[in-house]
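The structure under discussion appears below in the form of structure tokens.
Protein chains in written order, with my numbering: chain V, 1 to 216; chain G, 217 to 432; chain Y, 433 to 648; chain X, 649 to 864.
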């Protein structure tokens with residue numbers, strides 16, 4: 001692999017600082033986690049967006065959260081067709097191997113993936129309709145949300161509605177995985193749907209009785 | 217979505233503490249990031265493992281890293297076949313929309329995904345060969361590494377060799393994405409291959425001149 | 433003291449969150465508690481086990497519970513022999529200085545201390561018989577319970593029987609403290625024996641009329 | 649045991665609320681903790697005082713902290729004399745069985761035990777000198793601190809100095825336990841000394857380089 005470059009110095013320096021402080025202070029724990037294996041209580045499915053930082057927000061340290069991050073925090077439906085499904089592999093590992101007790105799906109405001117989906121469905125982004133667009137094909141998972149949010153007053157409202165609906169779509173798709181459904185029904189796994197306003201830091205949690213997201 | 221549960225109280229309390237401190241201290245910045253959009257310098261592809269915490273290790277705060285996390289930090293080859301490819305969508309978004317300058321692939325020791333791949337290839341885990349195994353099908357990406365590490369003295373050596381080879385496979389696969397190759401060739405994007413020993417906190421970076429991983 | 437280390441950063445951050453929220457909201461009360469002294473209504477004697485969290489379970493806030501926690505929530509018999517008796521000191525302080533009105537002894541399922549006592553008495557853990565084993569010498573307090581539970585059908589049944597009997601032994605030992613007996617007889621202090629199933633969260637309370645533990 | 653009373657209704661009601669909410673929301677995790685056993689990262693030795701609530705302050709949930717609480721958070725010196733040493737048993741269990749990675753000793757302001765020790769040493773509390781005084785005999789562990797804080801300007805200063813010195817005495821005594829010393833020297837265990845101002849909520853951590861407590 002001739003194209004790999006050395007790591008930028010500012011990252012090397014920060015890493016060395018981390019190793020001399022945070023790592024040094026927790027050496028024993030990290031060794032035990034390495035030897036005995038991880039036992040995370042929680043899986044988080046969150047967006048790749050650089051403004052969403054779930055372990056900071058929930059003050060989670062090494063060993064607590066098993067985290068999958070993809071564009072828009074989406075879960076595709078269960079489709080054991082022999083293809084390479086990274087999200088589904090992460091879910092299978094977390095639920096069947098690690099047996100996590102909680103699974104959080106975390107959407108957020110100003111999501112670029114959701115905006116792309118909106119524009120694609122509105123006919124404003126024909127390039128996303130192309131077969132070669134991985135973003136477009138990934139956001140296909142969310143097409144139903146475009147129709148389900150038709151009544152929104154403004155585009156901003158519709159985007160927020162789609163961001164929240166995406167969390168529900170992912171939770172619904174999670175329930176199509178037989179081991180997720182079985183674990184939820186056996187009360188061995190609890191699902192949680194969250195949406196974060198990245199400007200104000202407000203987090204809302206889906207309340208299934210009220211049928212809407214409510215600030216925590 | 218009737219299966220969503222309220223967030224456990226301990227996470228709500230930790231979140232409220234974060235909001236009153238870390239968020240409150242950075243309100244202005246988070247608002248700007250929301251209004252003007254993210255502009256991350258770096259994309260990171262890392263493992264879901266709860267013991268690998270790249271933003272802590274590199275002291276990255278909101279806005280710096282666009283992070284995709286999947287099992288074993290793998291990148292599949294470029295395959296614009298119309299399917300839902302989450303990893304490829306994240307790469308396309310980071311490189312073509314966000315135009316990140318650096319892309320880090322971060323493997324690690326004691327990786328459960330790599331162990332699964334090893335066992336599958338060694339005939340020890342027939343269940344991973346089944347079509348319905350998302351983990352197995354995801355780890356298919358890494359089958360060549362099993363053969364390439366045949367000479368290892370012990371199983372532990374081979375696992376570490378596979379963990380490091382997986383980083384190179386991912387970097388090679390990245391170069392099959394036309395926009396990644398173009399950006400690398402135009403020197404607009406630099407690729408970096410890392411491997412972290414989770415027990416000791418040592419990070420090694422692939423040195424393409426030396427042809428091996430070297431501690432940073 | 434050259435061996436003290438800085439507090440891990442994740443605990444510092446969580447603390448700062450607590451200070452900015454829970455503490456800030458209760459500043460006046462905590463100041464009064466500091467100036468006027470504590471006046472807890474209840475003493476709790478509970479196990480050190482990380483899975484037993486009595487103040488959470490009874491929703492107790494600062495100032496309510498005076499809590500002593502030791503291995504297996506044991507109370508040794510009254511023995512004013514001039515030695516360092518931490519449990520007895522805590523009881524003396526709670527009953528004679530603070531004059532608590534209630535005293536709860538809280539045992540629980542899957543108790544490692546009780547299991548150790550069982551194995552020691554069954555001849556399966558000779559290392560616990562050694563003079564240097566503090567765990568063994570501490571669990572000596574409970575040896576009578578091993579004999580008293582002989583009739584149990586299975587080991588699991590016997591362990592649960594010992595866990596519950598341990599609560600009764602502790603209550604009996606409490607009555608050997610002259611000020612405890614005097615306060616109980618004057619109806620200034622009520623004793624309560626509890627056992628918690630940590631898996632299911634069921635709490636049982638000893639009913640002295642029925643002569644057995646009953647779910648509350 | 650005829651002296652056990654039913655639990656007061658207000659506690660029963662709070663418990664039922666906890667079971668229907670916090671427990672119900674975490675059922676799966678508590679079951680796993682019960683089946684697979686606890687694996688706490690941290691042991692805490694803290695005071696029985698009702699105003700000191702370490703798990704709240706550090707936002708720790710079930711499974712995180714193994715907690716021993718006694719009067720003044722004291723650790724006696726290693727003394728394997730065959731007696732019932734509850735504190736030593738808890739330390740032995742945490743370090744040799746659970747292999748915790750961190751051990752926090754947490755002192756605090758306005759500590760009644762420390763005040764008793766001060767008064768006893770100053771000749772103001774002859775009743776604490778009696779052989780039958782468990783509080784006095786327990787606080788004997790701290791007599792050296794009275795002498796070491798002679799230079800304090802006021803009684804309030806001296807009490808605070810004794811409270812902080814008590815933390816150091818406990819850390820020193822911890823190092824007399826052979827397995828504690830071995831684990832510290834092998835960097836498998838880190839010790840931390842803390843003192844909390846209960847009025848203001850300020851926490852100070854002993855800084856062994858500076859040789860004094862510093863606010864975190």
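All C-beta atoms in this analysis are idealised placements derived from N, C-alpha and C, irrespective of residue type, glycine included. These numbers come from a predicted model, not from an experiment.
For residue 734 of chain X, the enclosing alpha helix (DSSP H) begins and ends at 734-740. In the DSSP secondary-structure assignment, residue 851 of chain X is bridged to X/844. In this structure residue 394 of chain G is exposed. Its beta-carbon is surrounded by fewer than 16 other beta-carbon atoms within 10 angstroms. Note on residue 214 of chain V: under 16 other CB atoms within 10 angstroms of its CB, so exposed under the neighbour-count rule. Residue 241 of chain G and residue 234 of chain G have their C-alpha atoms roughly 10 Å apart. DSSP places residue 47 of chain V in the strand class (E or B) of the three-state scheme.
A Cβ-Cβ separation of about 6 Å places residue 508 of chain Y in contact with residue 605 of chain Y under the 8 Å criterion.
A check of alpha carbon separations from residue 30 of chain V across X/748, X/824 and X/661 identifies X/748 as the nearest. In the DSSP secondary-structure assignment, residue 537 of chain Y is bridged to Y/477 and Y/625.
DSSP places residue 707 of chain X in the coil class of the three-state scheme, outside both helix and strand.
In this structure, residue 261 of chain G lies away from residue 313 of chain G, with their beta-carbon atoms at least 9 Å apart.
For residue 716 of chain X, the closest alpha carbon among the candidates Y/601, Y/493, Y/599 and Y/484 is that of Y/484.
Among the CB atoms of chain Y, one or more fall inside 9 Å of the CB of residue 25 of chain V. Residue 504 of chain Y has its alpha-carbon roughly 21 Å from the corresponding atom of residue 698 of chain X. In chain G, no part has a C-beta under 7 Å from the C-beta of residue 115 of chain V; the shortest such distance is about 10 Å. When C-beta distances to chain X are compared with 7 Å, the residues of the segment 483-502 of chain Y below that value are 483, 485, 487, 488, 489, 490, 491, 494, 495, 496, 497, 498, 499, 500, 501 and 502, in chain order. Under DSSP, no beta-bridge partner is assigned to residue 180 of chain V. Looking at the backbone, the Cα of residue 136 of chain V and that of residue 380 of chain G are separated by about 32 Å. Taking each of Y/593, Y/575 and Y/570 in turn and checking the Cα distance to residue 581 of chain Y, the smallest one comes out for Y/593. The shortest C-alpha to C-alpha distance from residue 474 of chain Y to any of Y/522, Y/584 and Y/638 is the one to Y/522. In this structure, DSSP gives residue 437 of chain Y a state outside helix and strand, which the three-state scheme calls coil. From the listed residues X/751, X/702 and X/705, the smallest Cα separation to residue 818 of chain X is found for X/751. Pairing residue 337 of chain G with residue 375 of chain G, the inter-Cα distance amounts to about 12 Å. At a beta-carbon threshold of 7 Å, the residues of chain G lying near residue 102 of chain V are 224, ordered along the chain. In this chain, the beta strand (DSSP E) harbouring residue 67 of chain V covers 65-70. Within the same chain, and ignoring the five residues on either side of residue 551 of chain Y in sequence, the residues whose Cβ sits closer than 6 Å to its Cβ are 557. Taken through DSSP and simplified to helix, strand or coil, residue 444 of chain Y comes out as helix. Of the candidates Y/636, Y/642 and Y/517, Y/636 places its Cα closest to the Cα of residue 655 of chain X.
For residue 466 of chain Y, the uninterrupted alpha helix (DSSP H) run begins and ends at 459-468, by DSSP. Remark: C-beta atoms of residue 846 of chain X and residue 444 of chain Y do not approach each other more closely than 9 Å. Taken in chain order, the complete beta strand (DSSP E) segments of 3 or more residues contained in the segment 529-576 of chain Y are 534-540. Chain G places no beta carbon closer than 9 Å to that of residue 633 of chain Y, leaving this residue out of the contacts.
When the Cα atoms are used, residue 308 of chain G and residue 133 of chain V turn out to be separated by approximately 8 Å. When V/145, V/60 and V/112 are compared, the shortest CA-CA separation from residue 255 of chain G is found for V/112. Using a 10 angstroms sphere on the CB of residue 64 of chain V, the tally of other CB atoms reaches 16 or more, which defines it as buried. Residue 85 of chain V and residue 411 of chain G do not touch by the CB rule: their CB atoms are close to 25 Å apart, not below 8 Å.
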